[in-house]
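According to the working numbering, the stretch in the sequence shown is residues 8 to 457, in order. All residues carry an ideal CB built from backbone N, CA and C; glycine is no exception. Structure record follows, encoded as structure tokens.
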Amino acid sequence: MQEQQFFEERLTKSVGQFDITGKTLLMPDMSPFGSRLLTSCFRAYGVPAQVMPTYDGLELGKEFTSGKECFPCQVTLGDVLYYLKQEKERLGSDFSPEDYVYFMPEADGPCRFGMYNKMHRLVLDKFPEFEDVNITYLSSTDTYSSSMIMPEEKSKLFRRLAYVATIISDVLDRVVWRVRPYEQVPGQTDAFMEEALQNMRDKIESIGESRDFNALYTLLEDIVKRATKLMDPEKPRRPLIGIIGEIYLRTHPQSNQHLINEIETYGGEVVDASLGEWFNFVAYSNLRDTRRQWTQSWKKGDIQGMFSASRKWLDYQIEIRYQLWRQDQTYSRARKHLDIHEDHRISSLEKRLDNDRLFNFDIGTEAAISIGGALEYVHENYDGVVNVFPFTCMPSTICSAILKPILLEKKVPYLDASYDGSIQPNRDLAIRTFMYQAQQRQNRRNQADK
Numbered sequence: 008m009q010e011q012q013f014f015e016e017r018l019t020k021s022v023g024q025f026d027i028t029g030k031t032l033l034m035p036d037m038s039p040f041g042s043r044l045l046t047s048c049f050r051a052y053g054v055p056a057q058v059m060p061t062y063d064g065l066e067l068g069k070e071f072t073s074g075k076e077c078f079p080c081q082v083t084l085g086d087v088l089y090y091l092k093q094e095k096e097r098l099g100s101d102f103s104p105e106d107y108v109y110f111m112p113e114a115d116g117p118c119r120f121g122m123y124n125k126m127h128r129l130v131l132d133k134f135p136e137f138e139d140v141n142i143t144y145l146s147s148t149d150t151y152s153s154s155m156i157m158p159e160e161k162s163k164l165f166r167r168l169a170y171v172a173t174i175i176s177d178v179l180d181r182v183v184w185r186v187r188p189y190e191q192v193p194g195q196t197d198a199f200m201e202e203a204l205q206n207m208r209d210k211i212e213s214i215g216e217s218r219d220f221n222a223l224y225t226l227l228e229d230i231v232k233r234a235t236k237l238m239d240p241e242k243p244r245r246p247l248i249g250i251i252g253e254i255y256l257r258t259h260p261q262s263n264q265h266l267i268n269e270i271e272t273y274g275g276e277v278v279d280a281s282l283g284e285w286f287n288f289v290a291y292s293n294l295r296d297t298r299r300q301w302t303q304s305w306k307k308g309d310i311q312g313m314f315s316a317s318r319k320w321l322d323y324q325i326e327i328r329y330q331l332w333r334q335d336q337t338y339s340r341a342r343k344h345l346d347i348h349e350d351h352r353i354s355s356l357e358k359r360l361d362n363d364r365l366f367n368f369d370i371g372t373e374a375a376i377s378i379g380g381a382l383e384y385v386h387e388n389y390d391g392v393v394n395v396f397p398f399t400c401m402p403s404t405i406c407s408a409i410l411k412p413i414l415l416e417k418k419v420p421y422l423d424a425s426y427d428g429s430i431q432p433n434r435d436l437a438i439r440t441f442m443y444q445a446q447q448r449q450n451r452r453n454q455a456d457k
């Protein structure tokens, strides 16, 4: 009984939402642009956040897991263990675990991601020197509200800045994917964008709480304008490949073994599903939930419940409209100079699923936007679709089961790319074969256009 109480206490008091002001916030590396811009947002509001080195501690992550967890759980666990061990070795007796807070968000629903931070807590407690490293999170249940982890007067302002920074990171990603396959000098795009990323980070931190979004848009526009000059206009357009799947695996280059670079090496141009798409989906899903709550309260005659659901519904409507407004602002500034692909509207994805009766948003999970996103790619004449996911991932397995026969019927090349840290012997051959099929589809489309 005492042991059970001990674990309950550790999983509630040491994993929770609390004020992180003055703490060093340890951010797992996920998206090359997104993670770094998010830490800059935290730093702009007085939280010394930093992105931890990634993938160096993979063996540590595997050592303290059973293999039944999702691969991202092993990667992120290894990252934090490796970082803390390095910090303790570097600082020696000056190492104070209370000064660090590990940031591991969560989501509701059947996905195992919602339990990562609890599992990581149990593993960190195996090391007495790391017991006092607290874990904090933001949750999809309240649309990743930051009101519990920083002072109230800052939290709303921070959240708006963080959302805009996320959309900017999506645009920077799409600039890379649009420019790099056609660059005049190999490696030029990555070198330029690394410098551009640092400039954007500095700008976010310098504007601080003023939230001068126009300054960020102006810098973004300048970056895009300069990036277009790296392209060789004589190079023909490549087959266009759309990536869907689990959000961590498809955005973390080391975990997916640099899949986008591989596709580009074999002649493709890639568009990966964005980070903003996920945040828009969470807000949209919470809006749908409030409609259901209102209906249930109406059937019960619960006036107070109806009033509460109505207020939440209005809040989510405002939130969604704000997000779409900021997203349109950001993309429009970039598209003035480069024809990057716009993001999918979540309402459009739901209509596409409902019209074909393939899946339902009531089921939830990433499968909803992955299936819908793949069908949007087909509608937009992409030449192939890749589904990236951790080995044994339930939502992505559902995607595969639904999409394979549909895309086969539509004659759109499709590739499942599952990862668990091992190198599959036929991976290179599968990608090359897939790209050959995508090239053939592009040729057929071009002939039809002529």
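In the structure shown, the three-state DSSP call for residue 143 is strand. Membership of residue 339 in the alpha helix (DSSP H) is indicated by the continuous run 310-342. Taking C-beta separations shorter than 6 Å and ignoring five residues to either side along the sequence, the partners of residue 251 in its chain run 280, 377, 380, 381 and 394, following chain order.
For residue 101, same chain residues with a beta-carbon under 6 Å away, outside a window of 5 residues either side, do not exist.
The DSSP-derived three-state label of residue 425 is strand.
In terms of Cβ geometry, residue 399 and residue 75 form a close pair [threshold 9 Å]. With at least 16 other beta carbons inside 10 angstroms of its own, residue 351 counts as buried. Counting along the chain, the unbroken beta strand (DSSP E) around residue 276 starts and ends at 276-279. The segment 274-290 makes no contact with the segment 303-311, as fewer than three CB pairs between them are under 8 Å. Secondary structure remark: continuous alpha helix (DSSP H) runs of at least 4 residues inside the segment 339-392, in chain order: 353-363 and 374-386. Around the beta carbon of residue 194, fewer than 16 other beta carbons lie within 10 angstroms, which makes this residue exposed. Under the DSSP assignment, residue 151 falls outside any alpha helix (DSSP H); it carries neither an H nor an E label.
Contact check for residue 79 and residue 256: beta-carbon distance about 7 Å, within the 8 Å limit, so the pair qualifies. About 5 Å separates the CB atoms of residue 88 and residue 67; that is less than 8 Å, so the two are in contact. Just measuring C-alpha positions, the residue of 52, 43, 339 and 107 sitting nearest residue 228 is 339.
For the 9 Å CB-CB criterion, residue 244 and residue 348 do not form a contact. Secondary structure remark: continuous alpha helix (DSSP H) runs of at least 4 residues inside the segment 185-269, in chain order: 195-214, 220-235 and 254-258. If one requires a minimum length of 3 residues, the beta strand (DSSP E) runs lying completely within the segment 64-126 are 107-110, in chain order. Taking C-beta separations shorter than 7 Å and ignoring five residues to either side along the sequence, the partners of residue 17 in its chain run 128 and 132, following chain order.
Spatial neighbours of residue 31 in its own chain (CB-CB distance under 6 Å, excluding positions within 5 residues in sequence) are listed in chain order as 55, 106 and 107. Contact check for residue 392 against residue 365 fails: the beta carbons are separated by 9 Å or more. In this structure, residue 165 keeps its C-beta atom at 9 Å or more from the C-beta atom of residue 253. Scanning 167, 239, 272 and 439 for the CA closest to the CA of residue 211 turns up 167. Exclusion of the five residues before and after residue 49 leaves 32 and 56 as the residues of its chain whose Cβ lies within less than 7 Å of its Cβ.
For residue 433, the three-state secondary structure derived from DSSP is coil.
Across the structure, residue 330 and residue 36 are spaced so that their CA atoms are roughly 24 Å apart. When secondary structure is reduced to three states using DSSP, residue 396 falls in the strand class. Inclusion of residue 157 and residue 28 in the CB contact set at 9 Å is warranted, their separation being smaller than that value. Within its own chain, the residues whose Cβ lies closer than 7 Å to the Cβ of residue 284, once the five positions on either side in sequence are excluded, are 350, 351 and 376, listed in chain order. Taking the Cβ atoms as the reference, residue 438 lies roughly 10 Å from residue 248, outside the contact range of under 8 Å.
Residue 180 is positioned such that its CB atom lies closer than 9 Å to that of residue 38. In the structure shown, residue 28 adopts coil according to DSSP, grouped into three states. Sequence-distant partners of residue 344 (beyond 5 residues in either direction) whose C-beta falls short of 6 Å from its own C-beta, in its chain, are 231, 232 and 235. The continuous stretches of alpha helix (DSSP H) do not include residue 457, and DSSP gives it neither H nor E. About 6 Å separates the CB atoms of residue 327 and residue 294; that is less than 8 Å, so the two are in contact. With fewer than 16 other beta carbons inside 10 angstroms of its own, residue 321 counts as exposed.
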